[in-house]
Amino acid sequence: MSAERQAQLARYRCNLQGEIDSAALYRALARYESRPELGELYRRLAAIEERHAEFWRTQFRQLGASAPELAPSWRTRLLIRIARLLGPDWVIGAAASLEQIDRGQYDDQPEACDTGMPGQERSHARLLNELARGRRNTWNGRLFASLEGRHGAGGGNALRAAVLGANDGLISNFSLVMGVAGAAFAADALLLTGVAGLLAGACSMALGEWLSVQNARELYEQQIATERDELEMVPDEEAEELVLIYRAKGLDEGKARAMAEGIMADKSRALDTLVREELGVDPDDLGGSAWLAAITSFVVFSLGALIPVLPFLLLDGQAAVLACALFSAGGLFLIGALVTLFTGRGLLYSGLRQVAFGLGAAAITYGLGHWLGVTVGG
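In case it helps, my numbering puts the sequence shown at residues 1 to 378.
As structure tokens, then:
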């Protein structure tokens, strides 16, 4: 078999795997989705992906080869399990990220250029992005307030914030414990340090999350109150704003004005529409519950921070320190693997990179702790 034909078959296999993964995930989302209209949307997306998969099976046959029997990848199976346990809202952000990565995969493939597949892939990416942006989260609602602005990128992705929150807890407490271990403190002191680091970090994250979400709610409430006053005082100007909004969406002048007039006839509907369209705020959500956000942030951070502490409950001395490093490395690899749900990168690459950076941070704090211990101890 020529190298060119091998490369072609490898490309077909990669394309077929991607379509099988997408179809399986959309079928699962449809199965676990409680809203019938969204369930039907996911089923339609799955049907399109299944047609794409059949297209690539046909390409195999045209080359005189048998299409491989492929099962959904580990990443897709994991997302399906999460959707079954926690609901589709927890994985829609990851699905949107993966579609965004693959949106241009067929643009330069000659077999697909004359079909509708490139445009359909880009359309799926836009659609999934809008679904992810508009879905309520099981954590704290609107974009989570991003765990102090750092973890919510990607829109509506509770799973991503949970993974990165646990990562914060693991790395920060691992580094803290190893810094104290470098100073040659006793096992009891290391255990106390780990527990204190867990509680301090989790409380700090919870407080920051509560303030972030509560401040966002108060800001939204103030914006809605201002919009309500403007609707009472200058209704004509608000009507013109609606016309401009609908013109920007592509409607002609007549249709845009007719829609705006119909909405303005009902003040409560007009306020709801202006808040959503002009401010981009969901008046039924307002950022979610600040207390739920704080509690969830506390729990997620604590789960990560607990990993470096566990060995000191069971072991003493250098054995406990070594076990702490091994436990933490395992946790870091797992987090790196979970991050590939959103990035699409290889499992080993992402996992080992996470381990390398985490161990690097711990090595630095261990060295500093050792230097300070020698210096202060004389």
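Even glycine gets a Cβ: it sits at the ideal position worked out from N, Cα and C.
Start-to-end residues for the alpha helix (DSSP H) that takes in Gly-201: Numbered from 1 along the sequence shown, position 201 holds the residue referred to as residue 201. Where Gly-201 is concerned, the enclosing alpha helix (DSSP H) stretches over 187-233.
Classification of Trp-74 by the beta-carbon crowding that lies within 10 angstroms, buried from 16 upward: The residue given as residue 74 occupies position 74 in the sequence shown. Under this definition Trp-74 is an exposed residue.
Let me make sure I understand the geometry here. Which of Glu-37, Ala-30, Arg-61, Leu-45 has the alpha-carbon closest to that of Arg-13? Working through the sequence shown from its first residue, we reach residue 13 at position 13. For the residues Glu-37, Ala-30, Arg-61, Leu-45, the minimum Cα distance to Arg-13 belongs to Arg-61.
When Gln-105, Ser-302, Ala-125 are compared against Glu-99, the one with the closest alpha-carbon: Translated into the one-based positions of the sequence shown, residue 99 becomes position 99. Here the closest residue by C-alpha is Ala-125.
Would you grab the beta carbon distance between Glu-121 and Asp-102 for me? Rounded to a whole angstrom, and I think it's under 8 angstroms. As a position in the sequence shown, residue 121 is number 121, starting the count at 1. As a position in the sequence shown, residue 102 is number 102, starting the count at 1. With a Cβ gap of about 7 angstroms, Glu-121 and Asp-102 count as contacting.
Closer than 8 angstroms is the cut-off here; do at least three beta carbon pairs connect the region 340-347 with the region 168-188? no
Note down the Cα distance separating Asp-236 from Ala-361, rounded to an integer number of angstroms. As a working note, residue 236 is residue 236 in the sequence shown. As a working note, residue 361 is residue 361 in the sequence shown. Going by the C-alpha atoms only, they are around 59 angstroms apart.
Would you tell me roughly how many angstroms separate the C-alpha atoms of Arg-150 and Ala-293, rounded to the nearest one? Along the sequence shown, one-based indexing puts residue 150 at 150. Along the sequence shown, one-based indexing puts residue 293 at 293. Residue placement at Arg-150 cannot be trusted, given a pLDDT of 37 that sits under 50; the coordinates are not used to answer.
Go ahead and label Gln-318 buried or exposed: buried means 16 or more other beta carbons lie within 10 angstroms of its beta carbon, across all protein chains shown. Residue mapping note: residue 318 aligns to position 318 of the sequence shown, counting from 1. It is exposed - the Cβ of Gln-318 has fewer than 16 other Cβ atoms within 10 Å.
Alpha carbon to alpha carbon, how far is Ala-200 from Leu-207? Give it in angstroms, no decimals. One-based indexing of the sequence shown puts residue 207 at position 207. One-based indexing of the sequence shown puts residue 200 at position 200. Near 11 angstroms, if we compare the C-alpha coordinates of Ala-200 and Leu-207.
For Val-299, the first and last residue of its enclosing alpha helix (DSSP H): Working through the sequence shown from its first residue, we reach residue 299 at position 299. Note, Val-299: alpha helix (DSSP H), 290-306.
Please state whether the Cβ-Cβ distance between Leu-271 and Leu-231 is less than 8 angstroms. In the sequence shown, counting from the first residue as 1, residue 271 sits at position 271. In the sequence shown, counting from the first residue as 1, residue 231 sits at position 231. Contact flag set, yes.
Hey, is the region 5-23 in contact with the region 35-49, meaning 3+ C-beta pairs nearer than 8 angstroms? yes
Skipping 5 residues on each side, what residues in its chain have a beta carbon closer than 6 angstroms to that of Ala-19? For the purposes of this step, residue 19 is identified with residue 19 of the sequence shown, where counting begins at 1. Rather than Ala, the amino acid found at residue 19 in this sequence is Glu. Only Glu-49, His-52, Ala-53 meet the Cβ criterion.
Per DSSP, what kind of secondary structure is Lys-249 in: helix, strand or coil? Along the sequence shown, one-based indexing puts residue 249 at 249. Coil at Lys-249, not helix or strand.
Please determine, among Ile-263, Ser-350, Leu-274, Phe-55, the residue with the shortest C-alpha to C-alpha distance to Arg-228. Mapped onto the sequence shown, residue 228 falls at position 228. Out of Ile-263, Ser-350, Leu-274, Phe-55, Leu-274 has the C-alpha closest to the C-alpha of Arg-228.
Could you have a look at Thr-115 and say whether DSSP puts it in helix, strand or coil? Start at 1 with the first residue of the sequence shown, and residue 115 comes out as number 115. Reduced to three states, the DSSP call for Thr-115 is coil.
From Val-163, Leu-29, Gly-87, pick the residue whose C-alpha is nearest to that of Ser-302; which is it? Here residue 302 refers to the residue found at position 302 when the sequence shown is read from its first residue. Nearest option by C-alpha distance: Val-163.
Note down the Cα distance separating Glu-277 from Gly-262, rounded to an integer number of angstroms. Position 277 of the sequence shown, counting from 1, holds the residue named residue 277. Position 262 of the sequence shown, counting from 1, holds the residue named residue 262. Going from the Cα of Glu-277 to the Cα of Gly-262 covers about 15 angstroms.
Please classify Ala-3: is it buried, with 16 or more other beta-carbons within 10 angstroms of its beta-carbon, or exposed? Numbered from its first residue, the sequence shown carries residue 3 at position 3. Burial call: exposed.
Going by DSSP in three states, Ala-256 sits in which element: helix, strand or coil? For the purposes of this step, residue 256 is identified with residue 256 of the sequence shown, where counting begins at 1. If DSSP states are grouped into helix, strand and coil, Ala-256 belongs with the helices.
Which residue spans inside the region 16-43 form an unbroken beta strand (DSSP E) run of at least 3? none
Exposed unless 16 or more other CB atoms sit within 10 angstroms - verdict on Val-234: To locate residue 234, count along the sequence shown from 1; it is residue 234. Classification of Val-234: exposed, given that the 10 Å Cβ count is below 16.
First through last residue of the alpha helix (DSSP H) which encompasses Pro-311: Here residue 311 corresponds to residue number 311 of the sequence shown, with the count starting at 1. Looking at the DSSP string, the run of the alpha helix (DSSP H) that includes Pro-311 is 310-314.
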